[in-house]
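Counting in our numbering, the final residue of the sequence shown is number 921, and the numbers go up one at a time with none missing. Let me begin by presenting the structure, written as structure tokens, before commenting on it.
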Amino acid sequence: MGAPLATNSPDPLDALLGLARNAADGDAIRDGIVSDIYRTTHDICKEAVRYEDKRKLAATYSLDKIVTSKIWGFPIMLAILGIVFWITIAGANYPSSWIASLFGIVEGYLTAGFQALNAPEWLHGVLVLGFFRGTSWVVSVMLPPMAIFFPIFALLENFGYLPRVAFNMDRLFKKSGGHGKQALTMSMGFGCNAAAILSTRIIESPRERMLAILTNNFVPCNGRWPTLILLSSLFMAAGVASGLQTFATALVVMGMVLFGIVVTLTVSWVLSKTALRGVPTHYTLELPPYRRPQIWKTILLSSRDKSLNVLTRAVIVAAPAGIITWILGNIYVGGDSVLNHMAAFFDPFAHAIGLDGFILMAFILGLPANEIVLPILLMGYLSSGAMVDADGLDNIKGIFLQHGWTWLTALNMMLFSLLHYPCGTTLFNIYKETKSAKWTVLSAVIPLSIAIAVTFVVAQTVRALGWV
454 MGAPLATNSP
464 DPLDALLGLA
474 RNAADGDAIR
484 DGIVSDIYRT
494 THDICKEAVR
504 YEDKRKLAAT
514 YSLDKIVTSK
524 IWGFPIMLAI
534 LGIVFWITIA
544 GANYPSSWIA
554 SLFGIVEGYL
564 TAGFQALNAP
574 EWLHGVLVLG
584 FFRGTSWVVS
594 VMLPPMAIFF
604 PIFALLENFG
614 YLPRVAFNMD
624 RLFKKSGGHG
634 KQALTMSMGF
644 GCNAAAILST
654 RIIESPRERM
664 LAILTNNFVP
674 CNGRWPTLIL
684 LSSLFMAAGV
694 ASGLQTFATA
704 LVVMGMVLFG
714 IVVTLTVSWV
724 LSKTALRGVP
734 THYTLELPPY
744 RRPQIWKTIL
754 LSSRDKSLNV
764 LTRAVIVAAP
774 AGIITWILGN
784 IYVGGDSVLN
794 HMAAFFDPFA
804 HAIGLDGFIL
814 MAFILGLPAN
824 EIVLPILLMG
834 YLSSGAMVDA
844 DGLDNIKGIF
854 LQHGWTWLTA
864 LNMMLFSLLH
874 YPCGTTLFNI
884 YKETKSAKWT
894 VLSAVIPLSI
904 AIAVTFVVAQ
914 TVRALGWV
């Protein structure tokens, strides 16, 4: 921020010229001019406008001094984010279980119908165990978190808090070459990266919008939460006292989120210095007043415009994955399934980055939707030939341990899940928004390269130190 303009100057133009002569760079000139304009309009409003409720205005100023302060702004922001995560995770557990149970009942009736019609086993496998079960996994896992997360963020936006988040993050994104509004699109990515791509339309600059599109994938969407939470609780928080395991799990997951934000800022900075060079667009934001949100209207609109829209696209893209998975698990070559052959092919490379062939195979087949990565992995381990429900397995950690898992395997799978390429729905949205095959491919190659590099460094470092 440049030095404030002299308020006692007889001519505002003289003050501007003086600032232009004394300022070291254009940013200082621009910020000084904006500050003086705001100060002048504030003085005019103070003289001409009369407020019916000055206490409300004073309360807004007092609250802003806290939530946008350099000391308390970021801690409050992280605390609210953590609360939103906790509400989403805790609130989605039961609905997800209920929806999965409902789909299980429907699957039973479908199976009975196929048997009554004497349908071939392969047809039942493709349509029920592949198509229907894969689709039901996506719906039961994605719908409840989105139905909770999107309305909460919409309520925070209507209340007036999200502009304060952008205000706090503006300084960081400006230093990384991005735009302050990227904080808002990044926040949307916590619910669904596909929806976040659409939300980048609020960024006017094409260059900075492309930065937001290419880096949005580094915050975990609701499809990655099951993997992060499950592995955190099974491996990272396993040695913690029982009463603190939930807290430890939350800390690990929050650590992953913060690491994703750091990667977002770092990649934005690198791209802004290379492929997407340019001067950051200035972001002048006059914070809106706090207001009481229209709760039910907000919930209904966010559910219709975001949750159902994203879910529909996810189902369309993810449904074929269930069919492909069933086929690969039930076609045998040389006495073994194609699924196992794929895992064996990927195993040497996977071992170098702290994973195994089945994990990489699961991520590849899980391209349409991150929600099906875990069931595909378990299906490969159990050689069941059909998707399985991870929530129905009491000994899931035992299955992992039997296949050579350590805490390093769990950590690197979490890192790979956090950083790897976007899901098929997100890639589809990226292509629709950019109209460019080049940028769509880069949006997959860049995060995949980072995921491989990070997991390789972690694996080799841990092994060199003899920690596993």
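Just so it is clear, CB atoms sit at the ideal spot from N, CA and C, and this is done for glycine as well.
Query: Please report the straight-line C-alpha distance between threonine 914 and leucine 697, rounded to a whole angstrom.; Result: 29 Å
Query: What's the gap between the Cα of phenylalanine 811 and the Cα of valine 907?; Result: 19 Å
Query: What residues are listed by DSSP as bridge partners for aspartate 789?; Result: Val786
Query: If distances are taken between C-alpha atoms only, which option among Gln855, Gly857, Thr668 comes closest to threonine 879?; Result: Thr668
Query: Pick helix, strand or coil for tyrosine 874, following the three-state DSSP scheme.; Result: coil
Query: Start and end of the alpha helix (DSSP H) containing serine 902?; Result: 890 to 917
Query: Cα separation between valine 826 and leucine 818?; Result: 7 Å
Query: Exposed or buried, which one is cysteine 498 when buried takes at least 16 other CB atoms within 10 Å?; Result: exposed
Query: Let me know if serine 725 comes out buried or exposed under the rule of 16 or more other beta-carbons within 10 Å of its beta-carbon.; Result: buried
Query: Helix, strand or coil for lysine 634? Go by DSSP, reduced to three states.; Result: coil
Query: Return the CA-CA distance between alanine 532 and serine 755, expressed in angstroms with no decimal places.; Result: 23 Å
Query: Under a Cβ-count criterion, where at least 16 other Cβ atoms within 10 Å of its own Cβ denotes burial, should serine 685 be classed as buried or exposed?; Result: buried
Query: Give me the residue from Leu609, Phe909, Ala553, Trp575 with the minimum Cα distance to proline 746.; Result: Leu609
Query: Where does the unbroken alpha helix (DSSP H) through lysine 627 begin, and where does it stop?; Result: 615 to 628
Query: List the endpoints of the continuous alpha helix (DSSP H) containing leucine 437.; Result: In the structure displayed, the chain extends from 454 to 921; residue 437 sits before or after that span and is not available.
Query: With a 10 Å radius around its C-beta and 16 neighbouring C-beta atoms as the bar for buried, classify glutamine 635 as buried or exposed.; Result: buried
Query: Does the contact criterion of 3 or more C-beta pairs under 8 Å hold for the region 776 to 796 versus the region 893 to 906?; Result: no
Query: Give a yes or no on whether the C-beta atoms belonging to glycine 644 and methionine 599 are separated by under 8 Å.; Result: yes
Query: Measure the CB-CB distance between methionine 641 and serine 652 and report whether it falls below 8 Å.; Result: yes
Query: Measure how close the beta-carbons of valine 581 and glutamate 560 come, nearest whole angstrom, since I'm counting them as under 8 Å.; Result: 6 Å
Query: In whole angstroms, give me the CA-to-CA distance for valine 579 and phenylalanine 802.; Result: 31 Å
Query: Quick check on threonine 494: buried or exposed, where buried means 16 or more other Cβ atoms within 10 Å of its Cβ?; Result: exposed
Query: Does DSSP classify isoleucine 666 as helix, strand or coil?; Result: helix
Query: Would you decide whether glycine 877 is buried or exposed? Buried here means 16 or more other CB atoms lie within 10 Å of its CB.; Result: buried
Query: For glycine 787 and alanine 815, what's the separation of their Cα atoms in angstroms?; Result: 22 Å
Query: Threshold first: 4 residues or longer. Then list the alpha helix (DSSP H) segments lying entirely within the region 489 to 534, N to C.; Result: 507 to 520
Query: Residues in the same chain with beta-carbon distance under 8 Å from valine 911, minus the five sequence neighbours each way, listed in chain order, please.; Result: Gly807, Leu861, Leu864, Asn865, Leu868
Query: Between proline 875 and asparagine 670, is the Cβ-Cβ spacing less than 8 Å?; Result: yes
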